[in-house]
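Enquirer:
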Amino acid sequence: MGRDVATKAISIHITGIVQGVGFRPFIYNLALRHHLRGWVLNSSDGVHCVAQGDPADIEAFVRAIRSEAPPISVIDTLSTEEIPPQEFPDFRIEESKALESAMTLVSPDIATCDLCSAELFDRVDRRFRYPFINCTNCGPRFTIIDDVPYDRPATTMRVFAMCPECKQEYSDPGDRRFHAQPNACFVCGPRLYLNIPGGEGSCEDLLWTPEKETDPRPHRDIRSERKRSDAIIAEVSSLLDQGKIIAIKGLGGFHLACDATNEAAVQLLRTRKHRWGKPMAIMLRDTASARRYCHISAEEESLLASASRPIVLLMRTNNPDAVLAPSVSGDLPEIGVMLPYTPLHHLLISALPGPLVMTSGNLSEEPIAIDNKEALARLSRIADAFLLHDRDIHSRYDDSVFRVVSEVVEPLRRARGYAPHPIALLGASAIDILAVGPEQKNTFTLIKGSNAFVSQHIGDLENKETLEHFEETLELYRRLFRINPGIVAHDLHPEYLSTKFAHELDLPKVGVQHHHAHIVSVTAEHDITRTVAGLAFDGTGFGSDGRIWGGEVLLADWEDFERIAHLAYVPMPGGAAAIRRPARMAIGTLHATGLLDHPGADPLRSRLLENEEQLLLKMIDQGINSPLTSSMGRLFDTVSAITGVRDDAAYEGEAAIELEACADTSALGAYEFALRAENGVLIIDPRPVLLGVLEDVRRGRPRSEISQYFHQAVVCVIVELADIATERTSNRHVALAGGVFMNRIVLEGALQKLTERGFLPLTHLRLPANDGAVSFGQAVVARARHESR
45 MGRDVATKAI
55 SIHITGIVQG
65 VGFRPFIYNL
75 ALRHHLRGWV
85 LNSSDGVHCV
95 AQGDPADIEA
105 FVRAIRSEAP
115 PISVIDTLST
125 EEIPPQEFPD
135 FRIEESKALE
145 SAMTLVSPDI
155 ATCDLCSAEL
165 FDRVDRRFRY
175 PFINCTNCGP
185 RFTIIDDVPY
195 DRPATTMRVF
205 AMCPECKQEY
215 SDPGDRRFHA
225 QPNACFVCGP
235 RLYLNIPGGE
245 GSCEDLLWTP
255 EKETDPRPHR
265 DIRSERKRSD
275 AIIAEVSSLL
285 DQGKIIAIKG
295 LGGFHLACDA
305 TNEAAVQLLR
315 TRKHRWGKPM
325 AIMLRDTASA
335 RRYCHISAEE
345 ESLLASASRP
355 IVLLMRTNNP
365 DAVLAPSVSG
375 DLPEIGVMLP
385 YTPLHHLLIS
395 ALPGPLVMTS
405 GNLSEEPIAI
415 DNKEALARLS
425 RIADAFLLHD
435 RDIHSRYDDS
445 VFRVVSEVVE
455 PLRRARGYAP
465 HPIALLGASA
475 IDILAVGPEQ
485 KNTFTLIKGS
495 NAFVSQHIGD
505 LENKETLEHF
515 EETLELYRRL
525 FRINPGIVAH
535 DLHPEYLSTK
545 FAHELDLPKV
555 GVQHHHAHIV
565 SVTAEHDITR
575 TVAGLAFDGT
585 GFGSDGRIWG
595 GEVLLADWED
605 FERIAHLAYV
615 PMPGGAAAIR
625 RPARMAIGTL
635 HATGLLDHPG
645 ADPLRSRLLE
655 NEEQLLLKMI
665 DQGINSPLTS
675 SMGRLFDTVS
685 AITGVRDDAA
695 YEGEAAIELE
705 ACADTSALGA
715 YEFALRAENG
725 VLIIDPRPVL
735 LGVLEDVRRG
745 RPRSEISQYF
755 HQAVVCVIVE
765 LADIATERTS
775 NRHVALAGGV
785 FMNRIVLEGA
795 LQKLTERGFL
805 PLTHLRLPAN
815 DGAVSFGQAV
825 VARARHESR
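Below is the structure:
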């Protein structure tokens with residue numbers, strides 16, 4: 045077709061999350077609607093399009109790109125440039141192009157959409173009960189990709205050759221599966237397997253073996269394949285009903301599942317997994333089912349049913365018809381709830397009468413398993429059976445965890461459904477930056493231009509397996525987003541594996557103090573570069589003086605900080621052992637504050653092991669493995685032990701979590717911290733608080749009231765410290781960071797009282813308050829210091 049007389053042509057470049065979200069089909073159909081000719085393609089730096097036609101149609105086309113973009117897409121930039129008209133016969137989708145140094149964003153994985161869910165249970169649909177149904181609006185994305193542009197050959201779906209019907213859908217611009225890269229069906233796509241270790245008479249056809257993963261996979265008969273798949277799901281449902289533990293392969297790794305109403309099954313899972321005490325999440329069929337078990341606000345319901353489908357912490361109801369096994373979450377008032385987010389989940393949960401425990405498929409402290417062979421080896425002592433499939437997972441992704449506090453969505457763990465979507469930075473960085481994060485709840489961050497890519501939750505970098513997961517994920521991010529760091533930022537702690545990793549890199553290094561990184565991670569989310577008052581309350585962070593910090597008040601900008609106040613130092617007898625045994629921490633704190641002989645401490649002392657107190661005091665007095673700490677998290681542990689809530693902790697934070705859980709929030713009253721100046725720094729003295737706790741223990745006051753008074757003491761001192769700190773800044777901003785601010789009572793109380801006093805409290809919107817945000821703060825500090833040179 046020749047050029048029109050009044051023809052205009054433009055080149056369009058779109059960046060953001062525009063691959064794997066149906067963007068090219070959207071552009072294609074939009075162009076047809078506006079009678080345009082040209083082409084659209086994926087490239088390593090986004091989506092490129094040339095559109096030619098009537099100028100008015102071109103203008104309407106560009107407007108519609110912004111206003112009608114696919115709901116799961118994110119447009120960061122859309123630039124246009126007029127070009128000379130050319131000869132175009134029609135509008136088409138061209139083959140993708142890879143550019144060596146270009147960067148494009150990749151969509152996180154997306155929960156099964158409503159249309160696919162409807163087809164899944166539609167008896168006349170050819171994908172009726174197909175466990176891997178998906179379309180351009182849902183399904184696996186980042187967990188199956190190993191390179192960009194996002195096309196099937198760059199994913200783990202490359203081994204599945206589409207059957208004629210799937211190919212027709214894939215090639216039809218009017219079809220919902222037009223260019224849906226994971227598109228498949230019973231005939232040509234991934235299939236389920238059921239392995240039961242030691243199972244007698246297991247059907248060979250149901251068993252997964254490496255030899256069955258041929259390339260390409262053979263096509264199969266739809267009826268027999270559906271029957272086979274249904275038989276597997278029925279068998280797994282039966283095993284779950286019998287109290288068995290099943291390892292289930294999902295999007296980003298394996299879950300370990302059992303009947304959430306069967307106490308023996310839940311206890312067995314805890315025993316085999318070595319997961320003592322830590323609450324476990326449950327999966328429910330839908331929001332109506334969730335309401336039987338939990339109170340759900342509008343914000344929580346929206347989060348539960350979102351395309352990201354995180355675990356959401358919800359307050360339990362007292363519904364006698366919604367009983368869970370006690371060992372799922374103990375006496376905690378909150379429970380983690382998620383809805384099905386894969387077709388396989390929908391099929392399983394629809395076959396069961398109640399909820400499932402769904403916990404990560406790993407031994408405690410290890411990364412989640414993703415490979416069939418790996419799972420069969422690592423989880424064989426935990427799982428009674430394995431529900432496998434042959435679609436490979438390329439990236440390990442845990443479930444994300446969120447909750448709603450004061451109508452604000454608060455991230456607790458950022459992973460599946462959220463990462464790797466970047467955080468937009470104020471201005472563009474002149475150099476690519478890597479920040480390797482801390483040891484606990486590790487993430488890394490890569491900065492390129494104005495984008496900060498914070499990785500999914502990696503875990504605690506305390507073993508070889510997790511370090512390998514860290515290195516593999518870092519390499520993937522660097523490759524996908526074409527990032528070549530020129531600087532590496534790290535924690536000041538010399539023994540962290542992340543710090544050692546940074547020092548092995550042949551790059552300029554920037555050491556960033558842990559709590560400075562915490563505060564900057566908050567202010568950078570809010571694009572605030574000025575100096576602000578920052579309160580960083582957590583469990584552990586290596587201080588500039590070589591001590592363990594954790595109850596800090598800083599005046600901080602993106603480049604530097606001043607420590608103006610901190611919690612009084614107390615010894616941690618046994619170092620890390622005091623974290624695992626709060627009773628140790630309590631003895632050290634009471635000894636340091638001169639309160640160990642108070643009668644209110646007698647119950648604690650009576651519960652100690654024989655000669656334990658003498659040994660601890662000897663260690664403290666002789667300076668043997670008793671580092672000094674200013675940690676607010678350890679003060680929570682101390683009060684938990686004094687009140688008899690928790691002497692030993694199965695996981696870090698357990699004592700504080702249970703202290704919060706037992707608080708009577710209707711109780712009126714508060715203990716009071718003292719503040720004193722010492723060498724130009726304000727010391728937050730906990731002695732008056734501890735004295736109040738001990739007096740109330742002696743009098744027999746309920747621990748629920750003591751807990752509430754302690755929490756309110758922390759809230760009140762936060763406001764008092766904010767008042768003092770903001771006298772030295774030119775603004776009323778107060779940044780709140782660190783794991784203590786994951787305590788609902790503290791966070792809600794602080795936000796309310798600070799706002800009432802005219803402060804502007806800043807909290808995280810995209811990242812957790814805990815150490816999962818530290819790498820982001822490190823990266824921003826490194827960038828600021830580089831730019832100020």
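When you number the sequence shown by the numbering used here, it's gap-free, plus one each residue, and the end is 833. By construction, the Cβ of each residue, glycine as well, lies at the ideal position given by its N, Cα and C atoms. For clarity, every value in this text was computed on a predicted model and none was experimentally measured.
In the region 603-653, which residue ranges form an unbroken beta strand (DSSP E) of at least 3 residues, counting only runs that do not cross its ends?
Expert: Here the runs fully enclosed are 605-611.
Enquirer: State the DSSP-derived secondary structure class of V758, mapped to helix, strand or coil.
Expert: Reduced to three states, the DSSP call for V758 is helix.
Enquirer: Among residues of its own chain, excluding the 5 on either side of I467, which ones have a beta-carbon nearer than 6 Å to its beta-carbon?
Expert: Within the same chain, I467 has close Cβ partners A496 and R810.
Enquirer: When you compare each of V480, G287, Y174 and Q286 to C160 by their alpha carbons, which one comes out closest?
Expert: Among V480, G287, Y174 and Q286, the Cα nearest to that of C160 is on Y174.
Enquirer: Going along the chain, which residues of its own chain have a beta-carbon closer than 6 Å to the beta-carbon of Q484, five neighbours each way excluded?
Expert: D504 and D815.
Enquirer: Buried or exposed: which applies to D740, given that a residue is buried once 16 or more other Cβ atoms fall within 10 Å of its Cβ?
Expert: Buried.
Enquirer: Apply the 10 Å Cβ neighbour rule to T799 and answer buried if 16 or more other Cβ atoms are within range, or exposed otherwise.
Expert: That one is exposed.
Enquirer: Are there 16 or more other CB atoms within 10 angstroms of the CB of G590, so buried, or fewer, so exposed?
Expert: So G590 counts as exposed.
Enquirer: Using 8 Å as the cut-off, can you tell me whether the region 286-300 makes contact with the region 399-413, which would need three or more C-beta pairs spanning the two stretches below that distance?
Expert: The region 286-300 is in contact with the region 399-413.
Enquirer: Could you tell me whether the Cβ atoms of G585 and A781 are closer together than 8 Å?
Expert: Going by C-beta atoms, G585 is not nearer than 8 Å to A781.
Enquirer: Write down the C-beta distance between T510 and S499 rounded to the nearest angstrom, noting that I regard them as a contact closer than 8 Å.
Expert: That belief does not hold up - the Cβ atoms of T510 and S499 are roughly 13 Å apart, past 8 Å.
Enquirer: Please state the DSSP three-state secondary structure of C338.
Expert: Strand.
Enquirer: Rounded to whole angstroms, what's the CA-CA distance from Y715 to F785? Just pull it up for me.
Expert: Cα to Cα, Y715 sits roughly 19 Å from F785.
Enquirer: Leaving out five residues before and five after L795 in sequence, what residues of the same chain have Cβ atoms less than 6 Å from its Cβ?
Expert: The residues are S450 and P805.
Enquirer: Under 8 Å: do the region 369-382 and the region 459-476 share three or more Cβ pairs, one atom per stretch?
Expert: Verdict: no, contact absent.
Enquirer: Indicate the three-state DSSP secondary structure (helix, strand or coil) for M786 in the structure shown.
Expert: Of the three classes helix, strand and coil, the one that applies to M786 here is helix, per DSSP.
Enquirer: Work out the CA separation of L599 and T575 for me, nearest whole Å.
Expert: Whole-angstrom Cα-Cα distance: 6 Å.
Enquirer: Helix, strand or coil for K492 per DSSP?
Expert: DSSP places K492 in strand when its eight states are reduced to three.
Enquirer: For my contact list, G619 and I664 are in at a C-beta cut-off of 8 Å; report their separation, rounded to the angstrom.
Expert: With 8 Å as the limit, G619 and I664 do not qualify as a contact, their Cβ atoms being about 12 Å apart.
Enquirer: For R136, which residues does DSSP report across the bridge?
Expert: Beta-bridge pairing links R136 to W83.
Enquirer: Whole angstroms is fine: what's the gap from W602's alpha carbon to S819's?
Expert: Going from the Cα of W602 to the Cα of S819 covers about 13 Å.
Enquirer: In the DSSP assignment, what residue or residues form a beta bridge with N486?
Expert: N486 is bridged to G503.
Enquirer: How should F165 be labelled, buried or exposed, when 16 other C-beta atoms within 10 angstroms of its C-beta is the threshold for buried?
Expert: Flag for F165 reads exposed.
Enquirer: From the DSSP output, read off the bridge partner residues of Y237.
Expert: Answer by DSSP bridge pairing, in chain order: L432.
Enquirer: What whole-angstrom Cβ distance do F172 and P234 have, given they're in contact under 8 Å?
Expert: The Cβ separation is near 16 Å, so there is no contact.
Enquirer: Taking the Cβ atom as the reference point for each residue, do L348 and A325 lie within a distance shorter than 8 Å?
Expert: No, Cβ-Cβ distance for L348 and A325 is not below 8 Å.
Enquirer: Taking DSSP as the reference, what is the three-state secondary structure of V824?
Expert: Three-state result, V824: helix.
Enquirer: Excluding the 5 residues preceding and the 5 following A779 in the sequence, name in chain order all residues of the same chain whose CB lies nearer than 6 Å to its CB.
Expert: Excluding positions up to five away in sequence, the list reads I563, V566, T567, V576, G578 and L806.
Enquirer: Return the chain-ordered list of same chain residues with a C-beta closer than 6 Å to the C-beta of L640, the five sequence neighbours on each side being excluded.
Expert: Within the same chain, L640 has close Cβ partners L634.
Enquirer: One question on the structure: do Q63 and P193 come within less than 8 Å of each other, judged by their Cβ atoms?
Expert: Yes, the Cβ-Cβ distance between Q63 and P193 is below 8 Å.
Enquirer: Rounded to whole angstroms, how far is the Cβ of C229 from the Cβ of R170, which I believe are closer than 8 Å?
Expert: Contact flag correct, Cβ pair sits at about 6 Å.
Enquirer: Between the region 415-422 and the region 392-403, are three or more C-beta pairs nearer than 8 Å?
Expert: Because the criterion of three Cβ pairs below 8 Å is not met, the region 415-422 and the region 392-403 do not touch.
Enquirer: Do the region 382-393 and the region 358-369 make contact, defined as three or more Cβ pairs closer than 8 Å?
Expert: Taking 8 Å as the limit for Cβ pairs, the verdict is that the region 358-369 does not touch the region 382-393.
Enquirer: Report, in whole angstroms, the separation of the C-beta atoms of Q756 and G793, which I expect to be a contact under 8 Å.
Expert: Sure, about 7 Å apart at Cβ, within 8 Å.
Enquirer: Exposed or buried, which one is G218 when buried takes at least 16 other CB atoms within 10 Å?
Expert: Exposed.
Enquirer: Spell out the partners DSSP gives Q96 in its beta bridges.
Expert: BP columns for Q96 point to A53 and R81.
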